[in-house]
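Number of protein chains: 2
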Amino acid sequence: MGEFNLIERYFKAPARAMRPNDNVALGIGDDCALLQPTAGMQLAISSDMLVEGRHFFPDVDPFSLGHKALAVNLSDLAACGAKPLAFTLALALPKADEAWLAPFSRGLLALAAEHNCALLGGDTTQGPLNICITVFGEVPKQQALLRSGAKAGDDIYVSGTLGDARLALDAIRGNVSLPAEAFTAAKVRLETPTPRVTLGMALRGIASSAIDVSDGLFGDLGHILKQSQVGAVIDSSVAINLIAYQTINTKTNSQFTLQKQLQYVLSGGDDYELAFTAPASQRNAVQAAALASNTPVTRIGQIEAALGLRLIDHQGKPVNSSFESWDHFQ
Amino acid sequence: MGEFNLIERYFKAPARAMRPNDNVALGIGDDCALLQPTAGMQLAISSDMLVEGRHFFPDVDPFSLGHKALAVNLSDLAACGAKPLAFTLALALPKADEAWLAPFSRGLLALAAEHNCALLGGDTTQGPLNICITVFGEVPKQQALLRSGAKAGDDIYVSGTLGDARLALDAIRGNVSLPAEAFTAAKVRLETPTPRVTLGMALRGIASSAIDVSDGLFGDLGHILKQSQVGAVIDSSVAINLIAYQTINTKTNSQFTLQKQLQYVLSGGDDYELAFTAPASQRNAVQAAALASNTPVTRIGQIEAALGLRLIDHQGKPVNSSFESWDHFQ
């Protein structure tokens, strides 16, 4: 099957069958697609590249991979409070394998349909497996959630759970062993993360800053602190409860010391939850946004004027720890 | 050098030093960039992925590669008549090699600066060398040049020269031998193509359809014919003159039969010229657009109601030929 037939069958035809998107003036099939942002809106743009062997295992379920490739991009829109509009897909494939392409495109387009996010076009070529998605959303002028808006005194929140994706990764690599049920649950978090799009949009005008947790909470929160020129204190006794697996099976499993759990939570990565800050005066509004978007939100600490990221125990005493963020070239 | 330092040094710092672009509300450094299209404009979007060994040789000059990676995307904007605004860059690199990154980023950003096209952000990861650029331009509503607008009776034009890039490729592969001067000239066409952005913008309201020639004229013109539901006749005696090398050294070189030359012109690929159609009533306007954009334009044939693509000689007699378009998976 040639390149053009393949694109037609697995991407163009299903994309045409999707719910119409009023912001798409011209979809797949020309030199460019044409997007018409709503008047008064700014376009939020993000791009992510996923490489086999680095971001996913060669034998990963292609349906999940299609989901995740778009999810990590939607997560960036969520972190800005933007509403998804559309995306482009560039795909390098070792060969035109329909047994892979069919489920990959289904996983990708199912999540796209859920967010009415139109596939605008892209590129297909032969090469080592590489998935590059660029996503477009819109957000009212001056309302985008940025990394630079945190102020001393603001509360720090995270959505959902943290650390489960990394736990699954360690289990797949054989570094830890998990009961089947826990492994399955953690693997869902690793392979099909939920982008917090609805929460991000609900936090417009409420959150003072936001970021999505892709490289680990400490590292990503560090970006907020750096760009806002502030510091933070995190309550480890609250944070440690953010890992879902801990509630299932901590006590019977000696692999999971508290320190190890905290490491999963604070520097696990691949979580695609939102970390955000909001003034204390917005606590009710944050809870209302969490409820409205059906997304659990936990308050884990506070922004301070003094630079640096400090971890404390439930009595407020410092906890010594060193949690590195993921860096692809270190 | 870590991922973040590397991005800072070769992409963020030079991007910040570029001429300000009024359409960029927020550049590199957050979860998303924010783009503010001019009121009343549509956003033209295109994405291209370049893979080592397929789109370029491993030993290609990195400065040229940086240029070409953006040029092929700007060429898509040109084909729509869109004005470049900005782009994202996703880059997979085997290692953080500064001797490669420094010239690559210089070549990329030099062309970006020439078009005031802002680097908005993107992604960097480790992996087999892969360059994915998504480019954004703007074009007034209803004025984008599309593939679907050609009408029977329209003239067919191409800009610049065709076939030289493929000639250079054949020379590099050792399939043909060229005098040094001709090889150098052809290699410039292969490695640093000139996107016809100014011409594309000048053709708004004049051209009835357009496409950029990336996979060979016959194949790409075929997309216009298919989407416009028309046919075309091309004068081979005019087309054959489109290859620049022919004017240098045809007669003394027996490798270059007329048939071979025509093959370079009609199915060479990698030309990044514009093929477009316009009503005969617009001949003066087309020449004026060519002059204003300082881009040579040649009229090579005519659109017809009868489907199919026919090649004729200078007497109007059919020329038998079969020129395939490049298909990455066939």
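Residue numbers (our numbering), protein chains in the order written: chain A, 151 to 480; chain B, 151 to 480. Ideal placement from N, C-alpha and C gives every residue a C-beta, glycine not left out. In this text the structure is predicted, and so the values were computed from the model without any measurement.
Residue j and residue i - do their beta-carbons sit closer together than 8 angstroms?
{"i": "residue 194(A)", "j": "residue 182(B)", "result": "yes"}
{"i": "residue 425(A)", "j": "residue 463(A)", "result": "no"}
{"i": "residue 296(A)", "j": "residue 381(A)", "result": "no"}
{"i": "residue 352(B)", "j": "residue 439(B)", "result": "yes"}
{"i": "residue 469(B)", "j": "residue 459(B)", "result": "no"}
{"i": "residue 447(B)", "j": "residue 307(B)", "result": "yes"}
{"i": "residue 287(A)", "j": "residue 232(A)", "result": "yes"}
{"i": "residue 360(B)", "j": "residue 337(B)", "result": "no"}
{"i": "residue 175(A)", "j": "residue 186(A)", "result": "yes"}
{"i": "residue 422(A)", "j": "residue 225(A)", "result": "yes"}
{"i": "residue 413(B)", "j": "residue 390(B)", "result": "no"}
{"i": "residue 347(B)", "j": "residue 234(B)", "result": "yes"}
{"i": "residue 197(B)", "j": "residue 282(B)", "result": "yes"}
{"i": "residue 309(A)", "j": "residue 349(A)", "result": "yes"}
{"i": "residue 238(B)", "j": "residue 284(B)", "result": "yes"}
{"i": "residue 522(A)", "j": "residue 280(B)", "result": "Here chain A has residues from 151 to 480 only, and residue 522(A) is not among them."}
{"i": "residue 320(A)", "j": "residue 433(A)", "result": "no"}
{"i": "residue 356(A)", "j": "residue 435(A)", "result": "yes"}
Counting contacts by CB-CB distance shorter than 8 angstroms, is residue i in contact with chain A?
{"i": "residue 201(B)", "result": "yes"}
{"i": "residue 391(B)", "result": "no"}
{"i": "residue 278(B)", "result": "yes"}
{"i": "residue 397(B)", "result": "Annotation note: pLDDT 42 at residue 397(B) (below 50); position unreliable, no value reported."}
{"i": "residue 192(B)", "result": "yes"}
{"i": "residue 465(B)", "result": "no"}
{"i": "residue 460(B)", "result": "no"}
{"i": "residue 238(B)", "result": "yes"}
{"i": "residue 367(B)", "result": "no"}
{"i": "residue 183(B)", "result": "yes"}
{"i": "residue 180(B)", "result": "yes"}
{"i": "residue 242(B)", "result": "yes"}
{"i": "residue 423(B)", "result": "no"}
{"i": "residue 284(B)", "result": "yes"}
For residue i, decide whether its Cβ has a neighbour in chain B, counting only Cβ atoms nearer than 8 angstroms.
{"i": "residue 206(A)", "result": "no"}
{"i": "residue 381(A)", "result": "no"}
{"i": "residue 400(A)", "result": "Residue placement at residue 400(A) is flagged as unreliable, the pLDDT there being 47, under the threshold of 50; the coordinate-derived value follows with that caveat. Closer than 8 angstroms: no."}
{"i": "residue 496(A)", "result": "Nothing about residue 496(A) can be reported from this structure: the residues present for chain A run from 151 to 480 only."}
{"i": "residue 449(A)", "result": "no"}
{"i": "residue 305(A)", "result": "no"}
{"i": "residue 215(A)", "result": "no"}
{"i": "residue 187(A)", "result": "yes"}
{"i": "residue 175(A)", "result": "yes"}
{"i": "residue 163(A)", "result": "no"}
{"i": "residue 197(A)", "result": "yes"}
What does residue i pair with, by DSSP beta-bridge criteria?
{"i": "residue 280(B)", "result": "201(B) and 242(B)"}
{"i": "residue 459(A)", "result": "382(A)"}
{"i": "residue 449(A)", "result": "307(A)"}
{"i": "residue 233(A)", "result": "288(A)"}
{"i": "residue 293(B)", "result": "Answer is none; residue 293(B) lacks a bridge partner."}
{"i": "residue 363(A)", "result": "423(A)"}
{"i": "residue 176(B)", "result": "184(B)"}
{"i": "residue 273(A)", "result": "240(A)"}
{"i": "residue 195(A)", "result": "286(A) and 183(B)"}
{"i": "residue 428(A)", "result": "305(A)"}
{"i": "residue 138(B)", "result": "Nothing can be reported for residue 138(B), as the shown portion of chain B is limited to 151 through 480."}
{"i": "residue 468(A)", "result": "462(A)"}
{"i": "residue 454(A)", "result": "381(A)"}
{"i": "residue 161(B)", "result": "Answer by DSSP bridge pairing: none, since residue 161(B) is not bridged."}
Are at least three pairs of beta-carbons, each pair with one atom in the segment 297 to 315 of chain A and one in the segment 237 to 255 of chain A, less than 8 angstroms apart?
No, they do not touch.
Counting pairs of Cβ atoms below 8 angstroms between the segment 205 to 224 of chain B and the segment 342 to 357 of chain B, do you hit three or more?
At 8 angstroms Cβ cutoff, the stretches touch.
Residues in the segment 219 to 232 of chain B having any Cβ partner in chain A nearer than 7 angstroms:
The residues in question are 226, 227, 229, 230 and 232.
Decide if the segment 361 to 378 of chain A is in contact with the segment 425 to 436 of chain A; the criterion is three or more beta carbon pairs, one per stretch, under 8 angstroms apart.
Flag = yes, the segment 361 to 378 of chain A and the segment 425 to 436 of chain A touch.
Validate contact between the segment 324 to 343 of chain A and the segment 447 to 457 of chain A using beta carbons, cut 8 angstroms, 3 pairs
These segments do not touch.
Residues from the segment 246 to 276 of chain A in contact with chain B, defined by Cβ distance under 9 angstroms:
Listed in chain order, the positions of the segment 246 to 276 of chain A with a beta carbon within less than 9 angstroms of a beta carbon of chain B are 246, 270, 271, 272, 273, 274, 275 and 276.
Name, going along the chain, the residues of the segment 327 to 338 of chain A whose beta-carbon falls closer than 9 angstroms to a beta-carbon of chain B.
Result list empty, no residue passes.
Counting only Cβ-Cβ distances shorter than 7 angstroms, please list the residues of the segment 291 to 320 of chain A near chain B, keeping chain order.
Cβ contacts with chain B come from 294, 296 and 297.
Can we say the segment 159 to 172 of chain B touches the segment 260 to 271 of chain B, given the rule of at least three CB pairs closer than 8 angstroms?
Contact between the segment 159 to 172 of chain B and the segment 260 to 271 of chain B is present, because at least three Cβ pairs lie under 8 angstroms.
Residues, ordered as in the chain, of the segment 347 to 376 of chain B that lie near chain A by beta-carbon distance below 8 angstroms:
Hits within the stretch, in order: 360, 361 and 362.
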